[in-house]
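Trainee:
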Amino acid sequence: MKFGGTSVASAEKVKHVANIIKSYSKENSVVAVASAVKGMTDDLLQITESVKKGNKAEIEKFIDKVAKTHMDIAKDAVSKKRINDELRNTISSLIKELEDVLSGMVLLGEVTPKPLDYLLSFGERLATPILYYALKDIGVKSEYLTGKDAGIVTDSNHGEAKPLMDTTKLKVVHNLEPLLKDGIVPVVTGFIASDQNGNITTLGRGGSDYTATIIASCIRADEVWLWTDVDGLMTADPKMVKNANVLKEVSYAEAMEMALFGAKYMHPRALEPIVDNGIPIRIRNTFKPEKNGTLIVKNPKAGSHQIVKAVSMIRSAALIDVRGGSMVGAPGTAAKIFDVLGKSKVNIMMISQSPSESSISMIVRKNDLDKAVNSLELNLLGKVIKTINVTDNVAIIAAVGSGMRGTKGVASRIFGAVAKQAVNVIMIAQGSSELNLAFVVNDKDCEEAVRAIHDEFELSKIS
Ligand code: ADP
Ligand code: ASP
Ligand code: MG
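When you line the sequence shown up against my numbering, it's residues 1405 to 1867, in that order.
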């Protein structure tokens, strides 16, 4: 069971989560994975701006705020004095360590991926002990482990580390199975792991989902439950589309497509570890445990094959359009462009090239835009590329559903609906899997476009 950031964001919520774990652990072996308190990872990322500027006053304020947030939750999450004291001591020493890390980073005045992962680890390392002590408080036998203690070993690609599954499997089985056999609930930090040299790594944003599926695949769990703040995987983000509907069952393939395009901010690789073992995932609402949520399985039951099942989107994207007469009919042009971007560690999210070959359009994350444009200018401008144009505020929208495969007229319905709202489509891509149709619009139009497609396919009526 993995609990997201909202589920551990107050003392009440932590106690509620501890009770959920308690009730299920009576008849099942349960591993609990916890995220950072909602917003904490964003805040830790944000403070790096002050680190770069050497703004010590801001950093001190930040440390006080982090300490207060966690102490406030801890205060009422655990009622037994002795256990509460232990928890507060744990938080205090972590805050001291956070202070040291930030001072070190300020001295250096730069933020590189390895220390950044160390910094980001504090979100999960502060939140998870609160849940662990709350479980102890209500008499659940449990043990606290970081991702590293649990045995998750990754490559050294800080910020987006990948588990080395063979080593991880051996270690996780070795570390967790004895606990489970003794009826102990391991309480593991999500999102963080360590590389082979013992350095802290992070699995990428939303990585606690990934932690849960990695562990599940190692111990061959019966199911993975991702407890969150919405009723399940939905036809669209309920914060944007008021009549969004819960999907009862979706296939691994569909859920992967949805995750790739930002649905529930799920880690895009989170399904990889469990697909081969066929372990089902259930997404459930922590605050409405009576609801069934969404079941993600290999083959959903017949009847759940609507043409389009969900509309998702990714904001904070930018479009780079490169042009040049010498690109026409010159083999290897695209390869050169992608090679340059790849070496600069820029992830290209979407590509389109018209058959006339005089331009290639690419979508990258806004954070990567400067890096991408700089490297293209330095390496290729004036050679294979004549001009580089940038549109820096776009969103990718994707309609997802296995029923799209082989169904005629889906694209015309999608673009017809979007056109009726007078939204301009900037770029289009459809993979040959036909599981999704993705297109790009100006960011200001994205919500309208999502709603238009949601209405067109009557997704609020899906059952
Ligand atoms: P957690 O902390 O539990 O991992 P996240 O904040 O990462 O939760 O993701 C849950 C949020 O994802 C929801 O609150 C919802 O606003 C958003 N979301 C976006 N698209 C979808 C979707 N298709 N279905 C469900 N939730 C979605
Ligand atoms: N705390 C991490 C993040 O915000 C991991 C997670 O929440 O899954 O990305
Ligand atoms: Mg999440």
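Idealized CB from N, CA, C, for every residue including glycine. Values in this document were obtained by computation on a predicted structure and should not be read as measured data.
1. Taking 8 Å as the cut-off, decide whether the C-beta atoms of Thr1593 and Thr1532 are in contact.
2. Report yes if the C-beta of Asp1447 is less than 7 Å from at least one heavy atom of the ligand ASP; otherwise report no.
3. Report the three-state DSSP secondary structure of Gln1757 (helix, strand or coil).
4. Among Ile1764, Val1715, Ala1422 and Leu1745, which residue has its Cα nearest to the Cα of Val1726?
5. Quick test of your reading: Ile1451 and Phe1466, contact by CB under 8 Å. State the CB separation rounded to the nearest angstrom.
6. Taking only runs of the beta strand (DSSP E) that begin and end inside the segment 1610-1655, which ones reach a length of at least 3 residues, in chain order?
7. Relative to the C-alpha of Lys1643, which candidate in Ala1659, Leu1502 and Met1717 has its C-alpha closest?
8. Verify the contact flag: Asp1633, CB atom, against every heavy atom of the ligand ADP, threshold strictly below 7 Å.
9. Alpha carbon to alpha carbon, what distance is there between Tyr1614 and Arg1673?
10. Can you give me the C-alpha to C-alpha distance between Ile1623 and Gly1555, rounded to a whole angstrom?
11. Do the segment 1514-1523 and the segment 1574-1593 meet, that is, are 3 or more Cβ pairs less than 8 Å apart?
12. If you check the beta carbons only, do Lys1479 and Ala1415 fall under 8 Å apart?
13. Report the partner residues of Asn1689 according to the DSSP bridge assignment.
14. Roughly how many angstroms lie between the CA atoms of Asn1846 and Val1768, to the nearest whole one?
15. Locate the alpha helix (DSSP H) running through Asn1846, then write down its first and last residues.
16. Report yes if the C-beta of Thr1615 is less than 7 Å from at least one heavy atom of the ligand ADP; otherwise report no.
17. Got a sec: does the ligand MN put a non-hydrogen atom nearer than 7 Å to the Cβ of Tyr1669?
18. Drop a sphere of 10 angstroms on the beta-carbon of Arg1855, count the other beta-carbons inside from all chains shown, and report buried for 16 or more, exposed for fewer.
19. Is the segment 1634-1643 in contact with the segment 1552-1569, if contact means three or more CB pairs nearer than 8 Å?
20. With H, G and I counted as helix, E and B as strand and the rest as coil, what does DSSP make of Asn1793?
21. Counting only the same chain and skipping the five closest in sequence on each side, list residues whose C-beta sits under 6 Å from that of Glu1503.
22. Using C-beta distances below 8 Å, list every residue in its chain close to Glu1852, excluding the 5 sequence neighbours before and after it, in chain order.
23. For a test of the three-state rule: what should DSSP assign to Arg1769, helix, strand or coil?
24. Give a yes or no on whether 8 Å exceeds the smallest Cβ distance from Asn1793 to chain B.
25. In terms of alpha-carbon separation, which member of Asp1541, Glu1862 and Glu1462 lies closest to Ala1714?
26. With contact counted as at least three CB pairs below 8 Å, one residue from each stretch, are the segment 1437-1444 and the segment 1601-1621 in contact?
27. Taking the continuous beta strand (DSSP E) assigned at Ala1554, which residues delimit it?
28. Under three-state DSSP, which class holds Leu1699?
29. For Leu1651, count neighbouring Cβ atoms within 10 angstroms of its own Cβ and tell me buried if that reaches 16, exposed if not.
30. Under the DSSP definition of a beta bridge, which residues are partnered with Ile1724?
31. Verify whether the separation of the beta carbon atoms of Ile1700 and Ala1625 is less than 8 Å.
32. Tell me the rounded alpha-carbon separation between Lys1695 and Leu1723.
33. Distance check for Pro1693 and Lys1747, CA to CA, integer angstroms please.
34. Would you grab the beta carbon distance between Leu1580 and Val1435 for me? Rounded to a whole angstrom, and I think it's under 8 Å.
35. Take the Cβ of Gln1710 as the centre, count every other Cβ of all protein chains shown within 10 Å, and call the residue buried at 16 or more, exposed below.
36. Does the beta-carbon distance from Glu1868 to Ser1806 come in below 8 Å?
Mentor: So, from the listed chains and residues:
1. yes
2. no
3. strand
4. Ile1764
5. 5 Å
6. 1628-1632 and 1653-1655
7. Met1717
8. yes
9. 7 Å
10. 12 Å
11. no
12. yes
13. Thr1632
14. 14 Å
15. From DSSP, Asn1846 is part of no alpha helix (DSSP H) but of the beta strand (DSSP E) over Asn1840 to Asn1846.
16. no
17. Of the ligands this structure carries, namely the ligand ADP, the ligand ASP and the ligand MG, none is the ligand MN.
18. buried
19. no
20. strand
21. Ile1467
22. Gln1825 and Val1827
23. strand
24. In the structure shown, chain B does not exist; there is a single protein chain.
25. Glu1862
26. yes
27. Note, Ala1554: premise wrong, no beta strand (DSSP E); alpha helix (DSSP H) at Gly1551 to Ala1554.
28. strand
29. buried
30. Met1766 and Val1794
31. no
32. 40 Å
33. 46 Å
34. 6 Å
35. buried
36. Nothing about residue 1868 can be reported from this structure: the residues present for the chain run from 1405 to 1867 only.
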